[in-house]
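*Asks:* Residue numbers (my numbering): 133 to 297. Note that the Cβ used here is the ideal one computed from N, Cα and C, for glycine as well. Note that this is a predicted model, so its numbers are computed, not measured.
(1) State the start and end residues of the unbroken beta strand (DSSP E) segment that holds residue 217.
(2) Can you list, in chain order, the residues of its chain with a C-beta nearer than 6 Å to that of residue 149? Leave out the 5 residues immediately preceding and following it.
(3) Considering just the uninterrupted stretch of the alpha helix (DSSP H) at residue 229, what are its terminal residues?
(4) Under the three-state reduction of DSSP, which class applies to residue 156: helix, strand or coil?
(5) Whose C-alpha, out of 268, 251, 271 and 287, is nearest the C-alpha of residue 161?
(6) Residue 248: buried (16+ other C-beta within 10 angstroms of its C-beta) or exposed?
(7) Can you give the Cα-Cα distance for residue 147 and residue 198, rounded to whole angstroms?
(8) Tell me the rounded alpha-carbon separation between residue 144 and residue 194.
(9) Cβ of residue 260 within 9 Å of Cβ of residue 218?
(10) Counting along the chain, where does the beta strand (DSSP E) carrying residue 124 start and finish?
(11) Going by Cα to Cα distance, which pick from 183, 159 and 178 is closest to residue 172?
(12) Alpha carbons only, please: which of 203, 174, 266 and 223 is nearest the one belonging to residue 215?
(13) Would you mind working out which of 154, 178 and 201 sits nearest residue 192, comparing C-alpha positions?
(14) Taking 9 Å as the cut-off, decide whether the C-beta atoms of residue 242 and residue 156 are in contact.
Right under this line is the structure:
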């Protein structure tokens, strides 16, 4: 396992620091549940800044490709990540609650030991499609929509059950 990047989030933002690099997909433990293969890597950049109202924020950029499971055919589905997220940093729980009321902004509680890899993993998971799917013509399993014999037999079985009562 690679060394984790830990930042003091408020200092990172106030000093307009930046860090970029590559992270192996195998470093994302929770993301593995969504992937068909854990090989490859993603490029990331995290930048600290102050917004127009002088509030500290983190800008996260992630690019790369991952393989998800298609929910239509259960085959491998190549998904391109091009993620950009802006996270306002709350200095305490009260500020976090107040900022959370505004649904137009994302915010997190700033900590002096924020794990950047975990933060990036959170943003990736939040950006994934709910039900990843190929286009109908791209799935490996083709369904013949003209074959209605199976449908008729299902309805015949239902009718038979209805006649029993």
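*Replies:* The relevant details are as follows:
(1) 208 to 222
(2) 180
(3) That run of the alpha helix (DSSP H) goes 225 to 232.
(4) strand
(5) 251
(6) buried
(7) 33 Å
(8) 18 Å
(9) no
(10) Given that the chain is displayed from residue 133 to residue 297, the structure contains no residue 124 and the question cannot be resolved.
(11) 159
(12) Ranking the options by Cα distance to residue 215, first place goes to 174.
(13) Taking only the C-alpha atoms, the option nearest residue 192 is 178.
(14) no
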